[in-house]
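Asks:
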Amino acid sequence: MANPTTEPFRHFDAEVLATRALGRSMVRVTFGGPALRDVRTWGPDQRIKLFFPRSGQAGLTVPTGADWYTRFRELPDRERPAMRTYTLRAVRHGQIDIDFVRHGDTGPASTWAGRAAVGDRTVILAPNAHHVPENPARMGADYAPPADTAWQLIAGDETALPAIGGIVESLPRGVRARVVLEVPSASDRQDWRTEGEVDTTWLVRGVDTPLLEAIRAEGVPDGPGYAWLAGESSLVRGLRRHLVKDLGVDRKRVYFCGYWREGRPEETAHEPVEED
């Protein structure tokens, strides 16, 4: 069995230190705990797993160790907590921030996030700072523009806000990026500090031009580009199809991920999007 201190991903006990509304549709939860000093990130869109109690569960039973997932799947339904994928929005010494979209009581994760209070506890599966991977690209962070990239298109809906915010804040001086976001409310707009040359468009759903139409209307610059797309699966698929088939962007330079599916439960979040 692998030494748990050097496994690529570790389970971390975490306690809610604070919650803060980010507009009408999102809430930021700050977690703390001594073990969180060993959390690290491999990119601005770092994915992690969170575990939430299901209805009627008093606490969390989460196996650990190299074979944790096998034992997790073997747990009886009444004992197995819900597991969901989120973006690690910020990492500080012994603290992390995770932003949640407010969906009401539509599932274990959104129910928990909507009621989270200081002192609540959960378990987080995240990259282990003591592990040195042979291939960092397999550590749950996907934003990776090629070195010759002349322009970037970063687009998504409210579920992609945490990752997009992290990407924008990470852009170095001189990097050009167009950012297009579709959100439920004007209150959901966020301000990000960046050294990059960023042109940001916020679209309010049902009021402004839909995201796909807005991108179709603008096109993309000449030269080698890179696109990072995330959000509702059919939206992301349509965006990628437009870039690759209509505009001729190299498919290898387009990252896309379906964070959720219209009319489907939380369990489908962050499922792979089928290529056209």
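Count the sequence shown with the UniProt record's numbering and you get residues 1 to 276, in order. For every residue, glycine included, the Cβ atom is placed at its ideal position computed from N, Cα and C. Remember, it's a predicted structure, so these values are computed and weren't measured experimentally.
Under 8 angstroms, do residue 26 and residue 153 count as touching if we go by C-beta distance?
Replies: Between residue 26 and residue 153, the C-beta spacing is not below 8 angstroms.
Asks: Ordered along the chain, which non-local residues of its own chain (more than five positions away) have a Cβ less than 7 angstroms from that of residue 156?
Replies: 164, 181, 229, 230 and 231
Asks: For residue 13 versus residue 92, is the C-beta distance shorter than 8 angstroms?
Replies: no
Asks: Identify, in the order they occur along the chain, each residue of the same chain with its Cβ nearer than 7 angstroms to the Cβ of residue 7, setting aside the five sequence neighbours on each side.
Replies: 66, 128 and 131
Asks: Which of helix, strand or coil does DSSP assign to residue 249?
Replies: Of the three classes helix, strand and coil, the one that applies to residue 249 here is coil, per DSSP.
Asks: Taking only three categories from DSSP, how would you classify residue 14?
Replies: strand
Asks: On the three-state DSSP scale, how would you describe residue 136?
Replies: Three-state DSSP puts residue 136 in a helix.
Asks: Pull the bridge partners of residue 178 from the DSSP assignment, please.
Replies: Its beta-bridge partners are 153 and 199.
Asks: Alpha carbon to alpha carbon, how far is residue 80 from residue 147? Give it in angstroms, no decimals.
Replies: 43 angstroms
Asks: Compare the beta carbon distance of residue 28 and residue 99 with 8 angstroms and say whether it is the shorter of the two.
Replies: yes
Asks: Bridge partners for residue 82 per DSSP, in chain order?
Replies: 52
Asks: Answer yes if the segment 70-80 comes into contact with the segment 137-144, meaning at least three C-beta pairs across the two stretches below 8 angstroms, and no otherwise.
Replies: no
Asks: To the nearest angstrom, report how far apart residue 35 and residue 41 are at their CA atoms.
Replies: 15 angstroms
Asks: Find the nearest neighbour of residue 253 within the set 102, 149, 10 and 199, judged by alpha-carbon distance.
Replies: 149
Asks: Just mark residue 126 as buried or exposed, buried being the case when its beta carbon has 16 or more other beta carbons within 10 Å.
Replies: Taking all protein chains shown into account, residue 126 has 16 or more neighbouring C-beta atoms within 10 Å of its C-beta and is therefore buried.
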